[in-house]
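Notes follow the structure.
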Amino acid sequence: MKAAQLNAYNKNNLNLNIVDVPRPEPKDKQVLVKVLTAGVNPLDNMITRGEVKMIVPYKTPLTAGNEVVGLVEKIGTGVSQFAVGDRVFGRLPLDSIGAFAEYVAVDAVALAKVPDYLTDEEAAGVPLTALTIMQAFGLMDAEAGKTLFISGGTGGVGAMAIPLAKAKGLTVITNGDIRNRDRVLALGVDQFLDYKTQDYTKILSNVDYVLDTLGGTETEKQMAIMKKGGQMVSLRAMPNGAFAKRMKLPKWKQILFTLVGRQFDKMADKYGVHYHFIFVESNGQQLQEVADIFTKLEIKPSIDTVYPFDEVNAALDKVANGRSRGKTVLSMKG
1 MKAAQLNAYN
11 KNNLNLNIVD
21 VPRPEPKDKQ
31 VLVKVLTAGV
41 NPLDNMITRG
51 EVKMIVPYKT
61 PLTAGNEVVG
71 LVEKIGTGVS
81 QFAVGDRVFG
91 RLPLDSIGAF
101 AEYVAVDAVA
111 LAKVPDYLTD
121 EEAAGVPLTA
131 LTIMQAFGLM
141 DAEAGKTLFI
151 SGGTGGVGAM
161 AIPLAKAKGL
171 TVITNGDIRN
181 RDRVLALGVD
191 QFLDYKTQDY
201 TKILSNVDYV
211 LDTLGGTETE
221 KQMAIMKKGG
231 QMVSLRAMPN
241 GAFAKRMKLP
251 KWKQILFTLV
261 GRQFDKMADK
271 YGVHYHFIFV
281 ESNGQQLQEV
291 ADIFTKLEIK
301 PSIDTVYPFD
311 EVNAALDKVA
321 NGRSRGKTVL
331 SMKG
């Protein structure tokens, strides 16, 4: 079968090589998936550049791709939740990625069934972002009736985070470009702030939870609007010791990340809040919960560009350098 592989880490050249490799066989509790589409993400380029080696030390050659949509082709022993022909999607397990290929063997617990109303291309825009949000809510221990601020919530993250947060009974506030106001309100947001004319740090206070999608100087600003004991999950700041411990990284990495993330832990202490960093993991059960919520609301991810498999490097370049209005997707169907 054909697969797009990374032969060596490279900070400047993000290109993958399309090669022929043996088709995998599903092991116990795995299924073999015939890939239809794959989501292309900044994470794919971060892996190529070697930027996640401290979290997941991938060996090369490595078949790339973290987010898969496909049909169950074959079932390993001990799998009862799927049948041959089921259309499934998932964020592949950290230690066994490989969505940029014609087939991939996947732990069944990493997958969920794709809602019927989603196309293969739309489905490729769901797993990574939706699971990030669900796992962020888990870290927050988010409770119905409490308040969530999503910074810069008019993009792809917000488009999924807002309806998922509303489904959990949260009061949702976000800020962004006024041109996106009506679209965001239609998703169910309770309060929208125009980032150009309304300074959220002067308007908001006593916020229970923050989903930080901006990082930089905005991280501390967001801590300042939070209630004492509040929970922040950042998608853009730095990992800390608690993150390394949660990921069960080796002791020396836990020490290193404790040092790296100390500034954010100190910042959180200053405001009396809790700081978390997240690196999304596979979870079919959570993804099925997302699928059920999305089916009720018929939420459709925005798709920017669909590339054929042989243009995988153009897709990676688009994600690295292009201004996107939605998901970049790789299609294996051509």
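full-length UniProt numbering applies: residue 1 is where the sequence shown begins, and numbers increase by one.
Here a beta-carbon is modelled for each residue, glycine too, at the ideal position from N, C-alpha and C.
Legend entry - Reduced DSSP category for Glu281 - H, G, I as helix; E, B as strand; rest coil: Glu281 falls in the coil class under three-state DSSP.
Inset, instruction - Give every residue of the same chain whose Cβ lies closer than 8 Å to the Cβ of residue 385, excluding the five residues on either side of it in the sequence, and list them in chain order. - result: This structure cannot settle anything about residue 385, because the visible part of the chain is limited to 1 through 334.
Inset, instruction - Decide yes or no for the touch test of the region 173-185 against the region 223-235: beta carbon pairs closer than 8 Å, at least 3 of them. - result: Two segments are said to touch when three or more pairs of C-beta atoms, one from each, lie closer than 8 Å; by this definition the region 173-185 does not touch the region 223-235.
Legend entry - Gly272 versus Leu204 - alpha carbon distance: So the alpha carbons of these two residues sit roughly 16 Å apart.
Inset, instruction - Taking only the alpha-carbon atoms, compute the straight-line gap between Met160 and Pro301 and give it to the nearest angstrom. - result: The straight-line gap from Cα to Cα measures roughly 8 Å.
Legend entry - Cβ contact check for the region 289-303 and the region 244-264: 3 or more pairs under 8 Å: Result no; under three Cβ-Cβ pairs closer than 8 Å.
Legend entry - Under 8 Å between C-beta atoms of Thr213 and Ala124: Contact flag unset, no.
Inset, instruction - Figure out for me which residue from Val329, Leu330, Ala320 has the closest Cα to the Cα of Asn13. - result: Nearest to Asn13 by alpha-carbon distance, out of Val329, Leu330, Ala320, is Ala320.
Inset, instruction - Between the Cα of Ala108 and those of Ile150, Leu139, Glu73, spot the shortest distance and give me the residue it belongs to. - result: Measuring C-alpha to C-alpha distances from Ala108 to each of Ile150, Leu139, Glu73 identifies Glu73 as the nearest.
Inset, instruction - Tell me whether Ile255 sits in a helix, a strand or coil according to DSSP, three-state version. - result: In the three-state scheme derived from DSSP, where H, G and I count as helix and E and B as strand, Ile255 is classed as helix.
Legend entry - Nonlocal neighbours in the same chain, by C-beta distance under 8 Å from Gly156, ignoring five residues either side: Leaving aside the five residues that flank Gly156 on each side, the residues in its chain whose CB is nearer than 8 Å to its CB run, in chain order, Gly125, Thr129, Pro301, Ser302, Gly326, Lys327.
Inset, instruction - Report the rounded CA-to-CA distance for Lys196 versus Arg179, giving the unit in angstroms. - result: Distance from the CA atom of Lys196 to the CA atom of Arg179, rounded to whole angstroms, is 11 Å.
Legend entry - Every unbroken beta strand (DSSP E) within the region 259-308, with a cutoff of 3 residues, ordered by chain: Scanning the region 259-308 from its first residue to its last, the whole beta strand (DSSP E) runs of 3-plus residues come out as 274-277, 303-308.
Legend entry - Contiguous beta strand (DSSP E) assignments of at least 3 residues, all confined to the region 63-110: The region 63-110 contains these whole beta strand (DSSP E) runs: 67-75, 87-91, 103-107.
Inset, instruction - Could you tell me the distance, in whole angstroms, from the CA atom of Ser80 to the CA atom of Ala105? - result: When only Cα atoms are considered, Ser80 and Ala105 end up about 16 Å apart.
Legend entry - Proximal residues to Leu193 (C-beta, below 6 Å), its chain only, five neighbours per side dropped: Asn175, Tyr200.
Inset, instruction - Given a cut-off of 8 Å, decide if Phe279 and Val261 are closer than it, judged by their beta-carbon atoms. - result: Note on identity: in this sequence residue 261 is Gly, with Val being the wrong assignment. Not closer than 8 Å, so no.
Legend entry - Given Gln30 as reference, the closest of Ala110, Gly39, Arg87 once Cα atoms are compared: Ranking the options by Cα distance to Gln30, first place goes to Ala110.
Inset, instruction - My understanding is that Lys146 touches Asp208, with C-beta atoms under 8 Å, so please give their C-beta distance in whole angstroms. - result: Confirmed, about 4 Å.
Legend entry - Assigned secondary structure, Val189 (DSSP; H/G/I helix, E/B strand, else coil): DSSP places Val189 in coil when its eight states are reduced to three.
Inset, instruction - Please look up how many angstroms separate the CB atoms of Gly170 and Leu148, rounded, as I've assumed it's under 8 Å. - result: A quick correction: the sequence has Leu, not Gly, at residue 170. Right, their Cβ atoms sit about 5 Å apart.
Legend entry - Rounded separation between Ile162 and Met223 - CA only: Annotation: Ile162 to Met223 spans about 20 Å, alpha carbon to alpha carbon.
Legend entry - Distance between beta carbons of Met134 and Glu289, contact taken as under 8 Å: About 7 Å separates the CB atoms of Glu289 and Met134; that is less than 8 Å, so the two are in contact.
Legend entry - Option in Ala186, Gly241, Leu131 with minimal Cα separation from Leu287: Closest by C-alpha distance to Leu287, out of Ala186, Gly241, Leu131, is Leu131.
Inset, instruction - For Gly284, count neighbouring C-beta atoms within 10 Å of its own C-beta (all shown protein chains included) and say buried if the count is 16 or more, exposed if not. - result: The residue is buried, with at least 16 neighbouring Cβ atoms inside 10 Å.
Inset, instruction - Put Thr213 into one of helix, strand or coil per three-state DSSP. - result: In the structure shown, Thr213 sits in coil (DSSP, three-state: anything other than H, G, I, E or B).
Legend entry - According to DSSP, residues forming a beta bridge with Lys327: Lys327 is bridged to Ile303.
Legend entry - Enclosing alpha helix (DSSP H) for Met238 [first to last residue]: Neither: Met238 is in no alpha helix (DSSP H) and is coded neither H nor E.
Legend entry - Contact set for Thr77: own chain, Cβ-Cβ below 8 Å, skip 5 residues either direction: Correct list, in chain order: Asp28, Lys29.
Legend entry - Residues that DSSP places opposite Asn175 in a beta bridge: Under DSSP, the beta-bridge partners assigned to Asn175 are Leu193.
Legend entry - Val35 to Ile75 span [Cα, whole Å]: Each residue's Cα considered, the two are about 15 Å apart.
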